[in-house]
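Here the protein sequences come in this chain order: A and B. Add 5 to the 1-based position in the first sequence for our numbering, that's all there is to it. Add 58 to the 1-based position in the second sequence for our numbering, that's all there is to it.
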Amino acid sequence: MFKLNRLFLTAVAVPAAALAAAGVIPAPPASASAVPVAMENCGNGTRQCATFKPHKLFLLRGGPNVWLSRAHWSHWSRTSARATGTLWGADITLTRIGSVTVVLHDPVTSHGVRYFEKLHVIGGRDVVHYWYWSWDQHNWS
Amino acid sequence: MRLIIIALAAAAAAAAGLAACGTAPSSPAAATYSAAPPSPARSAAPAPTVTKTITSPPATPVTRPPPATTPPPAAAPDVTDPWAVVSAYYGDIESGDYPEAWALLSSGTATGQTYQQFAAGFACTGEQQLTELDETGDQVSFDLTATDDCTGANQQYTGTDTVVNGKIVAASVTQTG
């Protein structure tokens with residue numbers, strides 16, 4: 006099912022009201038039994054992507070940048086996913102935040118996507134440890 | 059110090075060569091990273107046509123075993139924010155994640171290096187400090203301080219990278235000290 010790490014979901018970033026106004030019918034909601042994906046901002050502005058076991062996962066992109074690199078996923082199930090890796094931050098300077106464990110949990114379905122809504126960073130210094138995916142901000146927040 | 063004037067694709071290779079002598083700092087973060095404080099607004103000015111002047115650092119002896127020669131990943135991250143790409147590139151270099159760094163260079167084979175040559179170029183990689191100076195359109199300028207672990211020398215650079223479709227397509231890096 007997930008032969009591609011990345012599914013481009015530009016369309017789902019469009020608010021439902023806008024879709025309705027434009028006469029676009031959103032795809033039917035993903036099945037609750039589907040394996041959730043992780044969301045991330047994949048570029049400028051409102052572009053966002055769904056990923057599955059990515060080698061690199063951006064928590065923030067476009068202003069300050071925060072990302073998990075060299076992610077090694079120990080499991081990815083219908084209820085949670087867990088990876089170890091190195092967390093980096095780049096606002097004005099590039100900083101290695103530290104070795105961390107990232108846990109994705111609380112799968113939900115929205116915008117036709119089954120995804121993990123919450124992310125917990127375990128370890129690292131000077132970083133927010135609890136995040137949730139924000140469709141409005143197109144980033145983890 | 060060799061002065062090489064090349065264009066576009068080959069410039070990315072020069073950036074890679076520069077990075078071969080550096081890694082990012084491991085000091086604690088000064089700021090708390092969260093979604094709350096946004097960075098200053100970015101300019102949307104279009105990137106100019108680029109002809110690059112590249113100053114490459116002197117060649118250094120290889121004293122470490124060559125890095126793993128894992129082939130580059132098939133799919134590169136789709137990122138377009140220039141600073142996100144450039145900082146991720148140098149982060150990958152420090153992490154020793156050369157396949158990921160290679161994947162952020164446009165047309166890697168057009169740099170004149172094979173992946174194995176690219177990865178082997180980091181044998182003297184030491185600490186490096188990367189600081190963003192400005193970002194305009196598809197270009198980001200930065201200062202880089204790099205330590206050559208083979209010689210112990212610290213070298214300062216200033217550079218500008220051009221990022222298109224999530225790839226570094228050109229680099230202008232000059233040694234300043």
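Ideal placement from N, C-alpha and C gives every residue a C-beta, glycine not left out.
Neighbourhood of residue i by C-beta, 8 Å cutoff - its chain only, sequence neighbours within 5 removed
{"i": "Trp78 (chain A)", "result": "Lys58, Ala86, Arg87, Ala88"}
{"i": "Ala82 (chain B)", "result": "Residue placement at Ala82 (chain B) is poorly supported in this model, since its pLDDT is 34, which falls under 50; the coordinates still yield a value, given next. Counting only Cβ-Cβ distances below 8 Å, and skipping sequence neighbours, we find Tyr148, Gly149, Ile151, Glu152, Glu185, Gln186, Gln187, Leu188."}
{"i": "Ile226 (chain B)", "result": "Ala70, Ala73, Val143, Val144, Tyr147, Leu162, Leu163, Ser164, Asp219, Thr220"}
Beta-ladder partner(s) of residue i, from DSSP
{"i": "Leu191 (chain B)", "result": "Beta-bridge pairing links Leu191 (chain B) to no other residue."}
{"i": "Arg119 (chain A)", "result": "A:Thr114"}
{"i": "Ala228 (chain B)", "result": "B:Thr220"}
{"i": "Ala135 (chain A)", "result": "According to the sequence as given, residue 135 (chain A) is Tyr; it is not Ala. BP columns for Tyr135 (chain A) point to A:His125."}
{"i": "Asp201 (chain B)", "result": "B:Thr189, B:Thr216"}
{"i": "Arg101 (chain A)", "result": "A:Trp93"}
Residue i CB to nearest heavy atom of the ligand HEM below 6 Å
{"i": "Val221 (chain B)", "result": "With respect to the ligand HEM, the structure offers nothing, as it holds no ligand at all."}
Cβ-based neighbour list, residue i, same chain, cut-off 6 Å, excluding 5 preceding and 5 following
{"i": "Asp207 (chain B)", "result": "Cys182, Gly184"}
{"i": "Thr205 (chain B)", "result": "Gly184, Glu185, Asn212"}
7 Å CB neighbourhood of residue i in its chain, flanking five on each side removed
{"i": "Arg101 (chain A)", "result": "Thr91, Trp93"}
{"i": "Gly128 (chain A)", "result": "Gly103, Ser104, Val105, Thr106"}
{"i": "Trp138 (chain A)", "result": "Met44, Tyr120, Glu122, Trp145"}
{"i": "Phe200 (chain B)", "result": "Val144, Leu188, Thr189, Glu190, Leu191, Gly217"}
Contacts of residue i in chain B (Cβ-Cβ under 7 Å)
{"i": "Arg119 (chain A)", "result": "Correct list: empty, because the minimum Cβ distance to chain B is about 21 Å."}
{"i": "Trp93 (chain A)", "result": "Gly149"}
{"i": "Leu99 (chain A)", "result": "Ala82, Ser145, Tyr148, Gly149, Leu188"}
Chain A contact residues for residue i, given Cβ-Cβ distances below 7 Å
{"i": "Ser199 (chain B)", "result": "Under the 7 Å cutoff, chain A gives no residues; its nearest Cβ is about 12 Å from Ser199 (chain B)."}
{"i": "Ala155 (chain B)", "result": "Residue identity check: residue 155 (chain B) is Asp in the sequence provided, not Ala. Ser74, Arg75, listed in chain order."}
{"i": "Gln214 (chain B)", "result": "What Gln214 (chain B) touches in chain A: nothing, since even the nearest Cβ is about 15 Å away."}
Within chain A, partners of residue i - CB distance below 8 Å
{"i": "Asp139 (chain B)", "result": "Gly48, Asn49, Arg66, Gly67, Asn70"}
{"i": "Glu193 (chain B)", "result": "The premise fails here: Glu193 (chain B) is roughly 11 Å from chain A at the closest Cβ pair, so nothing lies under 8 Å."}
{"i": "Gly257 (chain B)", "result": "The shown model of chain B, from 59 to 235, leaves out residue 257 (chain B), and the question about it has no answer."}
Contact list for residue i against chain B, beta-carbon separation under 9 Å
{"i": "Ile127 (chain A)", "result": "Within chain B, no residue comes near Ile127 (chain A); the closest Cβ sits about 15 Å away, beyond 9 Å."}
Residue burial classification, residue i (beta-carbon count within 10 angstroms, cutoff 16)
{"i": "His80 (chain A)", "result": "exposed"}
{"i": "Gly235 (chain B)", "result": "exposed"}
{"i": "Ala134 (chain B)", "result": "Caution applies to Ala134 (chain B), whose pLDDT of 44 falls short of 50 and renders its modelled position unreliable; the value that the coordinates give is listed next. The residue is buried, with at least 16 neighbouring Cβ atoms inside 10 Å."}
{"i": "Thr220 (chain B)", "result": "buried"}
{"i": "Asn223 (chain B)", "result": "exposed"}
{"i": "Asp141 (chain A)", "result": "exposed"}
{"i": "Gln197 (chain B)", "result": "buried"}
{"i": "Leu163 (chain B)", "result": "buried"}
{"i": "Thr98 (chain A)", "result": "buried"}
{"i": "Ser74 (chain A)", "result": "buried"}
{"i": "Lys8 (chain A)", "result": "Below a pLDDT of 50, predicted positions are generally treated as unreliable, and Lys8 (chain A), at 30, falls in that range; the measurement from the model is reported next regardless. It is exposed - the Cβ of Lys8 (chain A) has fewer than 16 other Cβ atoms within 10 Å."}
Partner residues on chain A for residue i, Cβ-Cβ distance less than 9 Å
{"i": "Glu185 (chain B)", "result": "Correct list: empty, because the minimum Cβ distance to chain A is about 11 Å."}
ask   = Does the stretch 182–195 of chain B come within contact of the stretch 102–118 of chain A, defined as at least 3 CB pairs closer than 8 Å?
value = no
query = Are the stretch 139–154 of chain B and the stretch 59–74 of chain A touching, with three or more C-beta to C-beta distances below 8 Å?
reply = yes
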